[in-house]
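Asker:
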Amino acid sequence: MELLTAADPYLKRRDRALELLEAQPHASEMLMLYVALLDAWQPALARVRNDPPGSGGLASAAVREILPAVLDATQSAGPALLREAVLGRFHEADLEALVERWLVGGELSPTDQYLARASAAPLLEALPGLAPNTSAVADERHCPHCGGLPQLSFFEVSGEALVSAPRRLLCSRCSATWIYPRLVCAGCGSEDTARLPIYSNAERFAGLRIDACEECRQYLVTVDLPKDPAAVPEVDELAAVPLDLYAQEHGFKKITPNLMGI
Numbered sequence: 011m012e013l014l015t016a017a018d019p020y021l022k023r024r025d026r027a028l029e030l031l032e033a034q035p036h037a038s039e040m041l042m043l044y045v046a047l048l049d050a051w052q053p054a055l056a057r058v059r060n061d062p063p064g065s066g067g068l069a070s071a072a073v074r075e076i077l078p079a080v081l082d083a084t085q086s087a088g089p090a091l092l093r094e095a096v097l098g099r100f101h102e103a104d105l106e107a108l109v110e111r112w113l114v115g116g117e118l119s120p121t122d123q124y125l126a127r128a129s130a131a132p133l134l135e136a137l138p139g140l141a142p143n144t145s146a147v148a149d150e151r152h153c154p155h156c157g158g159l160p161q162l163s164f165f166e167v168s169g170e171a172l173v174s175a176p177r178r179l180l181c182s183r184c185s186a187t188w189i190y191p192r193l194v195c196a197g198c199g200s201e202d203t204a205r206l207p208i209y210s211n212a213e214r215f216a217g218l219r220i221d222a223c224e225e226c227r228q229y230l231v232t233v234d235l236p237k238d239p240a241a242v243p244e245v246d247e248l249a250a251v252p253l254d255l256y257a258q259e260h261g262f263k264k265i266t267p268n269l270m271g272i
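Whatever position you read off the sequence shown (first residue = 1), add 10 for the working numbering.
(1) Does the beta-carbon distance from L180 to F164 come in below 8 angstroms?
(2) Would I220 pass as a contact of V233 if the rule is Cβ separation under 8 angstroms?
(3) What does P160 pair with, by DSSP beta-bridge criteria?
(4) Just the C-alpha distance for K22 and Q34, rounded to the nearest angstrom, thanks.
(5) Does DSSP classify L253 as helix, strand or coil?
(6) Can you check the segment 11–66 for any beta strand (DSSP E) of at least 3 residues that lies completely inside it and give the ranges in chain order?
(7) On the three-state DSSP scale, how would you describe A136?
(8) Say whether the segment 209–229 touches the segment 150–160, bearing in mind that this needs 3 or more beta-carbon pairs closer than 8 angstroms, one atom from each stretch.
(9) Look at the alpha carbon of E201 and the alpha carbon of F100, and state the distance between them as a whole number of angstroms.
(10) Verify whether the separation of the beta carbon atoms of T187 and R178 is less than 8 angstroms.
(11) What would DSSP say about A148, mapped onto helix, strand or coil?
(12) Would you kindly work out how many angstroms separate the C-alpha atoms of A17 and L133, rounded to a whole number?
(13) Taking C-beta to C-beta, are L162 and P243 nearer than 8 angstroms?
(14) Tell me whether L13 is buried or exposed, calling it buried when 16 or more other Cβ atoms sit within 10 Å of its Cβ.
(15) Measure the Cβ-Cβ separation of A329 and L108 and say whether it is below 8 angstroms.
(16) If you run the structure through DSSP and keep just helix, strand and coil, what is R214?
(17) Buried or exposed, going by whether 16 or more other CB atoms sit within 10 Å of the CB of R205?
(18) Short of 8 angstroms in beta carbon distance, which residues of its chain neighbour Q258, apart from the five on each side in sequence? Order them along the chain.
(19) What's the C-alpha gap between A216 and A131?
(20) What's the call for S119, buried or exposed, on a 16-neighbour Cβ count within 10 Å?
(21) Should A87 and L30 be called a contact, given that it needs their Cβ atoms to be closer than 8 angstroms?
(22) Name the two residues that bound the continuous beta strand (DSSP E) containing T232.
(23) From the DSSP output, read off the bridge partner residues of D82.
(24) DSSP three-state label for I272, please.
(25) Buried or exposed, going by whether 16 or more other CB atoms sit within 10 Å of the CB of I76?
(26) Write down the C-beta distance between A95 and A46 rounded to the nearest angstrom, noting that I regard them as a contact closer than 8 angstroms.
(27) Start and end of the alpha helix (DSSP H) containing V73?
(28) Spell out the partners DSSP gives R192 in its beta bridges.
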């Protein structure tokens, strides 16, 4: 896996977020914050790429180079409750220990989770070889690079008319992707298709759906790129709030909440 170069993929994500701000106003608060974070991450990561930390220096690099920009972005574009909570933790918490705990897969409060993930995940994506493996098991439900759980799944665009596009999972920690079977639960591995319900609202979200599992009562958002080629999975997932709420009202829990805690 290569290091990120130039402005990609952030420009593509930013452009898509701005499109969805108009098309999906229900998600405007999250998308505005996401755009502010993208704008904050880019220059900070440019500095880190010029002087990359060792694997033992990820937490300190995240706190030194990324976290101040995350705080500024959150204060300028985040909702009031998050702004207040983040500011308090910025002044009170042991920030390096907080990020280190996230890097090793430890439990964190929602505010600490946001701060740590917003500061460290961009580093793991930009410097994938440094990501610590957090999984005690090696299976196809965990990221092959860092052991993280999937944030979402997506169907790629197939280059052949009669061939189904592969399904990929996208890591919630380092944003790596890997191929995963279409008709298998990403949470527990169940292959009982009768207990793998799919929920969608094609009129409102042409390329989004919920893939749920009645065995483990978990779900994730799937982005169907053949149905919506303009979609950018990690951005469109943020706009899927009505689908998230529908799944949660029916008793399902998301495999991994996204950066915004949904």
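Yeah, the Cβ is synthetic: ideal placement off N, Cα and C, and Gly gets one too.
Answerer: Once the coordinates are examined:
(1) Locating residue 180 in the sequence shown gives position 170, where the first residue counts as 1. Locating residue 164 in the sequence shown gives position 154, where the first residue counts as 1. Yes. Within cutoff.
(2) Indexing the sequence shown from 1 puts residue 220 at position 210. Indexing the sequence shown from 1 puts residue 233 at position 223. The Cβ atoms of I220 and V233 lie no closer than 8 angstroms to each other.
(3) Position 150 of the sequence shown, counted from the start, is the residue given in the question as residue 160. According to DSSP, which records beta bridges pairwise, P160 is partnered with C181.
(4) For the purposes of this step, residue 22 is taken as the residue at position 12 of the sequence shown. For the purposes of this step, residue 34 is taken as the residue at position 24 of the sequence shown. Between the alpha carbons of K22 and Q34 lies a gap of roughly 17 angstroms.
(5) Residue numbering aside, residue 253 sits at position 243 when the sequence shown is read from its first letter. Three-state result, L253: helix.
(6) Counting whole runs of 3 or more residues, the segment 11–66 contains no beta strand (DSSP E) stretch at all.
(7) As a position in the sequence shown, residue 136 is number 126, starting the count at 1. Assigned with DSSP and collapsed to three states, A136 falls in helix.
(8) The answer is no - the segment 150–160 does not touch the segment 209–229, with fewer than three Cβ pairs under 8 angstroms.
(9) Stepping through the sequence shown from its first residue, residue 201 is reached at position 191. Stepping through the sequence shown from its first residue, residue 100 is reached at position 90. Answer to the nearest angstrom: the Cα atoms are 44 angstroms apart.
(10) Indexing the sequence shown from 1 puts residue 187 at position 177. Indexing the sequence shown from 1 puts residue 178 at position 168. Taking a C-beta distance under 8 angstroms as the contact criterion, T187 and R178 qualify as a contact pair.
(11) If you number the sequence shown from 1, residue 148 lands on position 138. Coil.
(12) Within the sequence shown, residue 17 is the residue found at index 7, counting from 1. Within the sequence shown, residue 133 is the residue found at index 123, counting from 1. Low confidence applies to A17: its pLDDT is 47, below 50, so where it sits in the model is not reliable, and the reading given next is rough at best. A17 and L133: Cα-Cα distance of roughly 15 angstroms.
(13) What you label residue 162 is simply residue 152 of the sequence shown in a count that begins at 1. What you label residue 243 is simply residue 233 of the sequence shown in a count that begins at 1. Less than 8 angstroms separates the beta-carbon of L162 from that of P243.
(14) Here the question's residue 13 lines up with position 3 in the sequence shown. Residue confidence for L13 is low, a pLDDT of 42 falling below 50, so the modelled location carries little weight and cannot support an answer.
(15) In the structure displayed, the chain extends from 11 to 272; residue 329 sits before or after that span and is not available.
(16) As a working mapping, residue 214 is identified with position 204 in the sequence shown. Under the three-state reduction of DSSP, R214 is assigned to coil, being neither helix nor strand.
(17) By one-based count along the sequence shown, residue 205 stands at place 195. So R205 ends up on the exposed side.
(18) As a working note, residue 258 is residue 248 in the sequence shown. Hits under 8 angstroms: K264.
(19) Taking the sequence shown and counting its residues from 1, one reaches residue 216 at position 206. Taking the sequence shown and counting its residues from 1, one reaches residue 131 at position 121. One C-alpha to the other measures close to 29 angstroms.
(20) If you number the sequence shown from 1, residue 119 lands on position 109. Exposed: under 16 other Cβ atoms inside 10 Å.
(21) Your numbering for residue 87 matches position 77 in the sequence shown. Your numbering for residue 30 matches position 20 in the sequence shown. No, these two residues do not count as a Cβ contact at 8 angstroms.
(22) As a working note, residue 232 is residue 222 in the sequence shown. Segment Q228 to D234, the beta strand (DSSP E) holding T232.
(23) As a first step, residue 82 is located in the sequence shown; it is residue number 72 there, counting from the start. The partner list for D82 (beta bridge, DSSP) is empty, contrary to what the question assumes.
(24) Indexing the sequence shown from 1 puts residue 272 at position 262. Three-state result, I272: coil.
(25) Here the question's residue 76 lines up with position 66 in the sequence shown. Burial call: buried.
(26) Residue mapping note: residue 95 aligns to position 85 of the sequence shown, counting from 1. Residue mapping note: residue 46 aligns to position 36 of the sequence shown, counting from 1. With a beta-carbon spacing of about 17 angstroms, A95 and A46 fall beyond the 8 angstroms limit used to define contacts.
(27) Counting from 1 along the sequence shown, the entry for residue 73 is found at position 63. Secondary structure note for V73: it is in no alpha helix (DSSP H), with a DSSP letter that is neither H nor E.
(28) Within the sequence shown, the letter at position 182 stands for residue 192. DSSP, once it has assigned bridges, lists no residue as partnering R192.
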